[in-house]
Amino acid sequence: MPLSTGASVARGARNATARVSRSALICPQCLRTGPLDARIRTAYAVQPRALYHSTRRRDSAWAAAVSVAGNIVSNAITRAKGDMPTIDPLRIVAKEMKFLTGNIRKLLGSGHPSLDRAAKYYTQAEGKHVRPLIVLLMSRATSLCPKAPQRQQATLQASAAIDTSLSPLSILSDYNPSAANAQAEAETADVDILPSQRRLAEITELIHTASLLHDDVIDHSESRRGAPSANLEFGNKMAVLAGDFLLGRASVALARLRHAEVIELLATVIANLVEGEFMQLKNTARDEENPRWSEDTLTYYLQKTYLKTASLISKSCRAAALLGGADAQTVEAAYLYGKNLGLAFQLVDDMLDYTRSGQELGKPAGADLELGLATAPLLFAWKTMPELGALVGRKFEREGDVARARDLVMQSDGIQQTRALAEDYADQAIQAISGFPDSEAKDGLIEMAVKTLQRQK
Ligand code: FPP
Ligand code: MG
Numbered sequence: 001m002p003l004s005t006g007a008s009v010a011r012g013a014r015n016a017t018a019r020v021s022r023s024a025l026i027c028p029q030c031l032r033t034g035p036l037d038a039r040i041r042t043a044y045a046v047q048p049r050a051l052y053h054s055t056r057r058r059d060s061a062w063a064a065a066v067s068v069a070g071n072i073v074s075n076a077i078t079r080a081k082g083d084m085p086t087i088d089p090l091r092i093v094a095k096e097m098k099f100l101t102g103n104i105r106k107l108l109g110s111g112h113p114s115l116d117r118a119a120k121y122y123t124q125a126e127g128k129h130v131r132p133l134i135v136l137l138m139s140r141a142t143s144l145c146p147k148a149p150q151r152q153q154a155t156l157q158a159s160a161a162i163d164t165s166l167s168p169l170s171i172l173s174d175y176n177p178s179a180a181n182a183q184a185e186a187e188t189a190d191v192d193i194l195p196s197q198r199r200l201a202e203i204t205e206l207i208h209t210a211s212l213l214h215d216d217v218i219d220h221s222e223s224r225r226g227a228p229s230a231n232l233e234f235g236n237k238m239a240v241l242a243g244d245f246l247l248g249r250a251s252v253a254l255a256r257l258r259h260a261e262v263i264e265l266l267a268t269v270i271a272n273l274v275e276g277e278f279m280q281l282k283n284t285a286r287d288e289e290n291p292r293w294s295e296d297t298l299t300y301y302l303q304k305t306y307l308k309t310a311s312l313i314s315k316s317c318r319a320a321a322l323l324g325g326a327d328a329q330t331v332e333a334a335y336l337y338g339k340n341l342g343l344a345f346q347l348v349d350d351m352l353d354y355t356r357s358g359q360e361l362g363k364p365a366g367a368d369l370e371l372g373l374a375t376a377p378l379l380f381a382w383k384t385m386p387e388l389g390a391l392v393g394r395k396f397e398r399e400g401d402v403a404r405a406r407d408l409v410m411q412s413d414g415i416q417q418t419r420a421l422a423e424d425y426a427d428q429a430i431q432a433i434s435g436f437p438d439s440e441a442k443d444g445l446i447e448m449a450v451k452t453l454q455r456q457k
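Letter 387 of the sequence shown, counting from 1, is numbered 387 in UniProt numbering, and no numbers are missing.
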C-alpha cells in the first residue's frame, strides 16, 4: 500500500509564521545562483540588505528564528510519523545498494599496490552511503515523472556506454586491474534505475570519499567510521594523493556518462566543496579579532554549509533527474529536495558534535570547537551571550576556551534552535517533492528527510 504523500506530510500542522520567517534568514535563490564572492561581499560589507528579498523582515526573521526553540510545534518527525508507517529506504533500492561498494572498488583499481590500498581504504568500513542511496531513490521516484522530449537522446546516450572510453585506451594509459566484469551484477538490477543513474550514485560516493580523505588531513582526524583515519594509516601525503586519485577516477566515470550538463553539475560540486572548505577557515566573513554577533554570521555559515554539504546532495539529485530525461519542473524539484535535505543533514551533524560522544559517533566528538569552528549551536547561543564573540574571534585557542564555549552553548537554547532550523529544512525537502506521483521511492525520500532528523551518528 502506498504511504501518504509528501504533500500530506507537509500540509500537516505547520507553524506558518515561524517557517516563513526562518526561511527568510537566507535567500534560497541567492544561495543557489549568486556568485560566491558577490554573495559573501553582499552579506557583510557592501549592501548587506541586498541578500534578502524582504529587507524589512530582517530583524523579525531573526527574532522568529530565535523564538522557535520555545514552541517547536512544527515538528517534521511528529507530523511525518503521524500517518506514515515506518519504511526502510534501503530496502527500496536494495539490489543497487548491494553492488555499490563492489562497483566503487572496481572503479578504483590501481596497478600500484599502495595506491590501490589507500584509494580503497574508506570502502572497507561500512559507510552510511547516504548520498548514493538518495540518488538511487531520486532516480526511481523521478522515473514516474513527466519527461522532457528533448532530453531523451541524452538519456539514451548516457546509459549506453558507461564503461566505454572516449579516447583510445593506449592514449589514456590508466590501467585499472579491478575494472574487469564491471557490468556483470548491474544487469540484475531494476529497470527503472538506468545504468547511468547507478553510475552517478557511485560517482557521488567517490567525490564524497575523496573529500573525506582530504578533510581528515585538514582536521588532523584520527578516526573515521570507527577505524583509524586514512591519514593515520598511510600518512598525510598518501591520504591526499589517494583523494586526488578518487577525484580523477570519478571524473573519468563522469565523462563516460557523455552528458555535458551532468558533468558540469558534478564538476561544480568539486569546486563548491573546496570553496566551502575555504569559507570554513574563517568563522565570519571578516574574520575579525573580536566580532559582534549579527545575522550575517548565520548567513555566512549557511552559505558555507550549502557549499560544503548540500551542493553534492542537491546537484546529484538534479543530475539523477536529468539522466532520467525528466522535465524541467521535476529537475528543479529534485534539486530543491537535495538542497534542503543537505542543509538539514549538516545542521544535525553540527548539533550531534555537541550532543553525542566520540564512541557513539565513530569519530571524535566535540571536534568542531577544538578545530576553532563556530557552528550553528554556538552561533545561536552567541546572539544572547555576547561574550562568545571574543572566543569566536580567537578560534577558541586559549586554555579553557573550548570548555567555556561548550558550557555557554549548553546553557543556551542553541541546540534546540539548530534542531528547529534542521526540521524546517527537512520539511521543505519533503514539500519540494510533493508533486511527484506516489511511489515507494518517493516515500523513501520522505523517510530520508525524517531519518536525517532522527539520526544519532
Ligand atoms: C566533512 O566535514 C567534510 C566535507 C563535507 C567536505 C570537505 C571538503 C574538502 C576537504 C575540500 C576538498 C574536496 C575534495 C572533493 C577533494 P566535517 O569535518 O564537518 O565532518 P567530519 O566530522 O565527518 O570530519
Ligand atoms: Mg572533519
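Yeah, the Cβ is synthetic: ideal placement off N, Cα and C, and Gly gets one too.
- The region 273-285 makes no contact with the region 148-158: fewer than 3 CB pairs, one atom from each, lie closer than 8 Å.
- In the structure shown, the three-state DSSP call for Pro228 is strand.
- Taking the CA atoms as reference points, Gly366 sits about 6 Å from Tyr354.
- Annotated three-state conformation of Ser223 is strand, per DSSP.
- Bounds of the alpha helix (DSSP H) holding Cys317 are Ser311 to Leu323.
- Around the beta carbon of Lys237, fewer than 16 other beta carbons sit within 10 angstroms, so the residue counts as exposed.
- Phe245: member of the alpha helix (DSSP H) spanning Asn236 to Ala255, first to last residue.
- When secondary structure is reduced to three states using DSSP, Ala326 falls in the strand class.
- Residue environment for Leu336: buried (at least 16 other C-beta atoms within 10 angstroms of its C-beta).
- Counting only the Cα atoms, Leu379 lies some 10 Å from Gly389.
- Cα atoms of Glu397 and Ala201: separation of roughly 40 Å, rounded to the nearest angstrom.
- The closest heavy atom of the ligand FPP lies less than 7 Å from the beta carbon of Ile270.
- Within the same chain, and ignoring the five residues on either side of Gly127 in sequence, the residues whose Cβ sits closer than 7 Å to its Cβ are Arg225.
- Asp353 has its CB no nearer than 7 Å to any heavy atom of the ligand MG.
- Proximity annotation: the ligand MG has residues Asp215 and Asp219 in chain order, each selected because its CB is closer than 5 Å to a heavy atom of the ligand.
- Glu205 has its CB no nearer than 7 Å to any heavy atom of the ligand FPP.
- Between Ser159 and Pro195, the gap from beta carbon to beta carbon is short of 8 Å.
- Looking from the CA of Arg198, the closest CA among Ser439, Gln416 and Ile104 belongs to Ile104.
- Rounded to whole angstroms, the gap between the alpha carbons of Ala141 and Glu440 is 8 Å.
- For the pair Leu445 and Ala210, the Cα-to-Cα distance works out to about 25 Å.
- Distances between the C-beta of Val348 and the heavy atoms of the ligand FPP are all 7 Å or more.
- Here the alpha carbon of Tyr121 sits roughly 20 Å from the alpha carbon of Val252.
- In the displayed model, Lys147 falls within a strand according to three-state DSSP.
- In summary, Met410 is exposed, with fewer than 16 beta-carbon neighbours lying within 10 Å of its beta-carbon over all protein chains present.
- In the displayed model, Lys395 falls within coil according to three-state DSSP, outside both helix and strand.
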